[in-house]
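Residue 4 is where the sequence shown starts when you use our numbering, and the numbers rise one by one after that. Report on the structure given below.
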Amino acid sequence: SERLPTVFMPVSPAPYLNGGPDEFLSWVIESQDPNFAPSSAAEWLEGRLPSPVEDLSQWATEDED
4 SERLPTVFMP VSPAPYLNGG PDEFLSWVIE SQDPNFAPSS AAEWLEGRLP
54 SPVEDLSQWA TEDED
């Protein structure tokens, strides 16, 4: 339950370009803390996200366990 000094915002191109958020969704990660470098965000995420990220079976939630 650690909190990052960041805001995660989903973004998607217009549906006529890539099919909308059902087909293509990415994230913009912003921080207003000048001491929180992009490398710190990357390190934090790599240490906590499933590996490999693309393997959906690694994304089991507590409800599914």
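Don't be surprised by glycine CBs; every beta carbon is placed ideally from N, CA and C.
Length of the line joining the Cα atoms of residue i and residue j
i	j	result
P41	W30	14 Å
P55	G22	25 Å
E65	R51	15 Å
E26	D36	32 Å
D58	W47	19 Å
V14	E49	21 Å
Sub-8 Å separation of residue i and residue j beta-carbons
i	j	result
A73	L20	With the chain covering only 4 through 68, there is no way to say anything about residue 73.
Residue i (DSSP reduced to helix, strand or coil)
i	result
P13	strand
E49	helix
Cβ-heavy atom distance, residue i to the ligand COA, below 7 Å
i	result
L7	Although the ligand COA was asked about, the structure shown includes no ligands whatsoever.
The beta strand (DSSP E) enclosing residue i, as first and last residue numbers
i	result
S29	29-33
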